[in-house]
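Right, one structure below, let's go through it.
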Amino acid sequence: MVFQMVILKLAELVLYQLLAKSCYRAARKMRSYGFLFNNPSLKSPHQQVQLFSNVGKCCLENRGSDTLVCDIQGGLLRTSSFFPYFMLIAFEGGGLFRAFLLLLSCPLLWVLDYELQLRVMIFITFCGLKIRDVQSVGRAVLPKFYLENLHLQAYELLASTGSRVVFTTVPRVMVEGFLKEYLRVNKVIGTELHTVGNYFTGLLSNSGILVKHRALKDYFGDKKPEIGLGSSSLSDHLFISLCKEAYVVNVEENKSGNSSVMTRDKYPKPLIFHDGRLAFLPTPLATLSMFMWLPLGIILAIFRLLVGISLPYKVALFLGTKSGVEVELCVNGGSPPASTSSGVLYVCSHRTLLDPVFLSTCLGKPLTAVTYSLSKMSEILAPIKTVRLTRDRKRDGETMQRLLREGDLVVCPEGTTCREPYLLRFSSLFAELADEIVPVAVNTRVSMFYGTTASGLKCLDPIFFLMNPRPSYQIHILDKLPRELTRAGGISSCQVANCIQKQLAEALGFECTTLTRKDKYMMLAGNEGVVQDKSRKPA
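According to mature numbering (1 follows the signal peptide of the UniProt record, and there is no 0), the stretch in the sequence shown is residues -20 to -1, 1 to 519, in order.
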């Protein structure tokens, strides 16, 4: 019965809403564009009547007892289009086909009004998705892109108030987690989606798309909130006019200056962990570029992988750089340390699974890498020797000592990767095993795909990294740790680990943290019980 109702509603949407109305809407749009073309003075925002003051003119002092109402779209974010965030859910939560289908809908979205655009994007993005998958994307993927697009002046106004309520026409499930966790919003009221069991149907609930000014009246009653913040659209004017003070975020000013751009040091909460494969905001044009690059990117990644596996170090490095891989090697003192009878222990910051491979290739000699987690496929394809650790401190220590007697060893004491400019807490196990310790500062840059994941298939991590048009690896080999700073000099293993973490952070321009691998998976999974179980397994 539920399935039949979904089919009937979908048929009504296609036959009436899309086909019948879209032609009428398109005609009206074209007529309005023609009118604007013949009257260019009307295009300029300076010629239009400004009903409300710009957000930059709002006084932020003594706002601790005030209540602010706003919308994340057109209010807190610098761009008005919400398409990229639907695309992130479609790609990260639904897969490549769903993302491509959403991209194909762009020409249709152009001729529809806002409400129909929203309905179409919601249906394509959410139909058949599991609730937990959408919640996972909302928690681990979307906050990064929201923070990067947050309007600085709008956020400063929000942060100065004591109570914050967000009314939004976009689905509440897309924004509530970010607004409450990062911006400390008290209440989020948005469009609700229809679900069947643990799945979204892609349809709206009975309440339909949220009407903001009506929702504000229902929530506050006769009481007026002190401050309203919105865009320059007429619908937002009606919404914020119900407040004692009203301010608008001007899109044209966002494009013309940097006063609205929020830098990382002003984030309301440090962004240390995030997940997902896409390293760019997937606007329609950027997403189209990605799909056009994808076939060539897959071929290029396979070529780069085969070159690294089968050819000698110098040839592999030469062909890899010619294919677009940027490798920067910096060695303090001009030459890397020579191997000793007991072996050299290279201690690296951890960015991707390829860290030991690139270090070995740059040094031009075989190294052994120890890891807590490595997929079987990655282990088979690795051009260097890899050894799994068991998380049993005594057994792992014995294994690493044996490997050091056989040759040089690479260890990443963070235990997991971190994409942002932070270093996680270093495990002190390595410091108990060797006195010949060489810190290695490793960093990467990507433009299209991240080569790490917390929830996806880890065997594809190297492929995604090598699929980038010009992936970059920077390797800075520091001076060997002086004997007086090792355990042989009477310093504890924890002090040695903290010392190396600080040295690497200074070399990279990163910040040190006390966060661990378990903290990362707890933050990205959002469920302590599930994460604790996962943390006992290879990640």
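Cβ coordinates follow ideal geometry from the N, Cα and C atoms, glycine included.
| Asked | Found |
| --- | --- |
| What are the start and end residues of the alpha helix (DSSP H) that includes residue 306? | Taken as a continuous stretch (DSSP letters only), residue 306 belongs to no alpha helix (DSSP H), being part of the beta strand (DSSP E) at 306 to 311. |
| Thinking C-alpha only, which one of 93, 71, 216 is nearest residue 53? | 216 |
| With a cut-off of 8 angstroms, do at least 3 Cβ pairs link the region 467 to 476 to the region 361 to 371? | no |
| Between 256, 304, 343, 242, which lies nearest to residue 292 when the distance is taken from Cα to Cα? | 343 |
| Let me see if you follow: with CB-CB separation under 7 angstroms, is residue 296 close to chain D or not? | No chain D appears in this structure, which consists of one protein chain only. |
| Report yes if the C-beta distance between residue 402 and residue 252 is below 7 angstroms; otherwise report no. | yes |
| Compute the Euclidean distance between the alpha carbons of residue 412 and residue 283, then round it to the nearest angstrom. | 40 angstroms |
| Taking all protein chains shown into account, do 16 or more other C-beta atoms lie within 10 angstroms of the C-beta of residue 451, making it buried, or fewer, making it exposed? | buried |
| Just curious, the beta strand (DSSP E) that residue 423 is in, first and last residue? | 417 to 425 |
| With the cut-off set at 7 angstroms, would you say residue 208 and residue 49 are in Cβ contact? | yes |
| Which stretch, first to last residue, makes up the alpha helix (DSSP H) that contains residue 302? | 293 to 302 |
| Would residue 432 be called buried (16 or more neighbouring beta carbons within 10 Å of its own) or exposed? | buried |
| Apart from the five residues on each side of it in sequence, which residues of its chain come closer than 7 angstroms, Cβ to Cβ, to residue 130? | 56, 57, 242 |
| Kindly provide the ranges of any alpha helix (DSSP H) runs that are 4 or more residues long and lie completely inside the region 114 to 176, ordered along the chain. | 122 to 128, 132 to 140, 152 to 162 |
| Sort 218, 435, 462, 169 by Cα distance to residue 502 and report the nearest one. | 435 |
| Which residues share a DSSP beta bridge with residue 110? | 179 |
| So what does DSSP say about residue 227, is it helix, strand or coil? | strand |
| Three-state secondary structure (DSSP) at residue 396? | coil |
| Assign residue 24 to one of two classes, buried (16 or more other C-beta atoms within 10 Å of its C-beta) or exposed (fewer than that). | At residue 24, the pLDDT of 42 sits below 50, so the modelled position is not reliable and the matter cannot be decided from this model. |
| In three-state DSSP terms, what is residue 464? | helix |
| Go through the region 326 to 406 residue by residue and report every complete run of the alpha helix (DSSP H) that reaches 4 residues or more, in order. | 335 to 343, 356 to 361, 373 to 386 |
| Which class does residue 289 belong to by DSSP, given the choice of helix, strand or coil? | helix |
| Under three-state DSSP, which class holds residue 38? | coil |
| Would you mind stating whether residue 484 and residue 419 have Cβ atoms separated by less than 7 angstroms? | yes |
| Within the continuous alpha helix (DSSP H) that includes residue 525, where are the two ends? | Only positions -20 to 519 of the chain appear in the structure, and residue 525 is not among them; the question remains open. |
| Does DSSP put residue 471 in a helix, in a strand, or in coil? | coil |
| Which partner residues does residue 209 have in the DSSP bridge list? | 50, 227 |
| For residue 40, I'd like the list of residues in its chain whose CB is within less than 7 angstroms of its CB, leaving aside the five on either flank, ordered along the chain. | 136, 137, 140 |
| Given that a residue counts as buried once 16 or more other Cβ atoms are within 10 Å of its Cβ, and exposed if not, what is residue 544? | A query on residue 544 cannot be resolved here, the shown segment of the chain reaching from -20 to 519 and no further. |
| Buried or exposed, going by whether 16 or more other CB atoms sit within 10 Å of the CB of residue 149? | buried |
| Are at least three pairs of beta-carbons, each pair with one atom in the region 252 to 264 and one in the region 71 to 81, less than 8 angstroms apart? | yes |
| Considering only the alpha carbon of each residue, which of 166, 74, 178 lies closest to residue 257? | 74 |
| List the whole-angstrom C-beta distance separating residue 168 from residue 159, where the pair is believed to meet the contact cut-off of C-beta under 8 angstroms. | 5 angstroms |
| So the beta strand (DSSP E) residue 456 belongs to, where does it begin and stop? | 452 to 457 |
| Distance, Cα to Cα, residue 447 vs residue 305? | 10 angstroms |
| Got a sec: does the ligand GDP put a non-hydrogen atom nearer than 6 angstroms to the Cβ of residue 241? | The ligand GDP is not part of the structure shown, which contains no ligands of any sort. |
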